[in-house]
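Okay, so the sequence shown: first residue is 0 according to numbering that gives the first Met the number 0, each after it adds one.
Glycine included, each C-beta is placed from N, C-alpha and C at the ideal position.
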Amino acid sequence: MMKFKEILKIAKKEEVTKEEAYEILKGAWFSLERTLELFRIACEVRAEHNDHVALYVCGGPHRECRLDPLCKYCWVNNPGFKWGKEDIVSPEKLDRALDELYSKYNVQTPYVLIGGGSDLKSDGKEIVDYVDNLGETIRKHGLQLTITGLPYISLENLEKLKDLGVREIGCPFETLDREVFYDVKPGDSLERRIEQAKLADKAGLGFYGALMIGIHDLTERQTPLDSVLKDYVEHLFMLKNFEKLSVCIYSFMPLPGVPLADKHKTLQLEVAKVGALARLIHKDVNIDISTNDLGLSLMAGANMVTWQYISLQQEVRQWWSASASKVLPVGSIYAIIFQENVLRHIERLGLKIKTWKR
Ligand code: SF4
0 MMKFKEILKI AKKEEVTKEE AYEILKGAWF SLERTLELFR IACEVRAEHN DHVALYVCGG
60 PHRECRLDPL CKYCWVNNPG FKWGKEDIVS PEKLDRALDE LYSKYNVQTP YVLIGGGSDL
120 KSDGKEIVDY VDNLGETIRK HGLQLTITGL PYISLENLEK LKDLGVREIG CPFETLDREV
180 FYDVKPGDSL ERRIEQAKLA DKAGLGFYGA LMIGIHDLTE RQTPLDSVLK DYVEHLFMLK
240 NFEKLSVCIY SFMPLPGVPL ADKHKTLQLE VAKVGALARL IHKDVNIDIS TNDLGLSLMA
300 GANMVTWQYI SLQQEVRQWW SASASKVLPV GSIYAIIFQE NVLRHIERLG LKIKTWKR
């Protein structure tokens, strides 16, 4: 068996194998020294392959979530956080808000993500209509769109979205462990999600994938640690099948009113370790390591910030906006701004952001 440092040295320069990836994760899981070594190599890989940070402006929802039952960890279970029909942000409202945000304020990123709920029955026509109704703002400011809240969109409608300027489709698998997936997402379909991702790839769209770290602890199954780590590794390797990829590594938040609210919050350091491994496997990919400390995320090799930069919302919710630096009215909705804090982290770590010029 090769030593941890020797495997890391190989991983820095070459493609890492599944077995090597597993050894790295296992080696770092209970060792602070090895964790720091892993982070150091992940940052060196980022510096060599993809050293600019992609920031996303998030808006939506474009539709309510129609899964029945809802995912057991999801905040939309709480009546106070709901994503009902009345919470949908119309394309006209979002268009106006984006135009005002980009015209009046110093927003330096072209990446915009429009979130929404899932529907296993729709063929995606309503999402095509939503994007089609967005108006001129996307073209006027040269924005790059990511749409989430699937599955299921037919190949024909995915091609229409591509023609309308959508860059990327978000359809997280969370885990490849089917038993765990259906324990916590009984109304969802892992098979459909995988099929959706393959169709997006076929349509020439990017795929935004996500792993939920700690998801195995949300069930009563008591999955052995070896199997948990192997699931993370398998998942990261499976994402290699997609030509244009972005990856988000995140974890469960025990919000009040959510069926799994009594479960432990995942250790953020574990999220960062899997994120650093993702950097070694996907050297040039945009990776969001979504811990609750951006400094930790960036030091683990992240170069993408999806949810903690600017969020456009119809209603300002305290649990979301509490850590924001300001809230501004834009059009008839609000921009919750975390921007200053994010830019400070990026600058202090000597990183740069991806702008339109790149
Ligand atoms: S599909 Fe998404 S929005 Fe719907 S319940 Fe699951 S996590 Fe929540």
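Here F236 is actually not in contact with I193; their C-beta atoms are around 14 Å apart, not less than 8 Å. If the five residues before and after A27 are omitted, its C-beta is found closer than 7 Å to the C-beta atoms of R33, T34, L37 and K272, all from its own chain and listed in chain order. Residue side-chain check: K92 keeps its Cβ at 8 Å or more from all non-hydrogen atoms of the ligand SF4. Residue environment: H48 is assigned as exposed (fewer than 16 neighbouring CB atoms within 10 Å of its CB, all protein chains considered). Here G141 has P109 and W355 as same chain residues with Cβ atoms under 7 Å from its own Cβ, once five neighbours each way along the sequence are excluded. Counting every other CB atom within 10 Å of its CB across the protein chains shown gives N285 a total of 16 or more, marking it as buried. Pairwise C-beta distances place the stretch 59-72 out of contact with the stretch 337-345, as fewer than three of them are shorter than 8 Å.
With respect to L297, I248 sits apart: the two C-beta atoms are not nearer than 9 Å. Along the stretch 126-189, the beta strand (DSSP E) occurs as fully enclosed runs of 3 or more residues at 143-147 and 165-169, listed in sequence order.
If you check the C-beta of K262 against the ligand SF4, you find no heavy atom less than 8 Å away. Secondary structure of Q267 (DSSP, three-state): helix. Closer than 8 Å to some heavy atom of the ligand SF4: that does not describe the Cβ of W306. A Cβ-Cβ separation of about 25 Å leaves L54 out of contact with Y231 under the 8 Å criterion. One thing to note: L93 has its Cβ within 9 Å of the Cβ of L311. G58 is bridged by DSSP to I113.
Uninterrupted alpha helix (DSSP H) stretches at least 4 residues long and entirely within the stretch 13-85 occur at 17-28 and 31-48, given in chain order. Looking at the backbone, the Cα of Q313 and that of K184 are separated by about 27 Å. For S324, the CB contacts under 8 Å within the same chain, skipping 5 residues up- and downstream, are I336, F337, Q338, E339 and N340 in chain order.
Beta-carbon to beta-carbon, L119 and S188 are separated by about 6 Å, close enough to satisfy the 8 Å threshold.
Per the C-alpha coordinates, the member of E269, L157, V52 and Y333 positioned closest to L31 is E269. N340: member of the alpha helix (DSSP H) spanning Q338 to R347, first to last residue. For M303, the beta-bridge partners assigned by DSSP are A53. For the 9 Å CB-CB criterion, K264 and G205 do not form a contact.
Taking every protein chain shown into account, the CB of K201 has fewer than 16 other CB atoms within 10 angstroms, so this residue is exposed. Between the beta-carbon of V111 and that of L144 there is about 6 Å, and that keeps the pair under the 8 Å contact cut. Note on E19: 16 or more other CB atoms within 10 angstroms of its CB, so buried under the neighbour-count rule.
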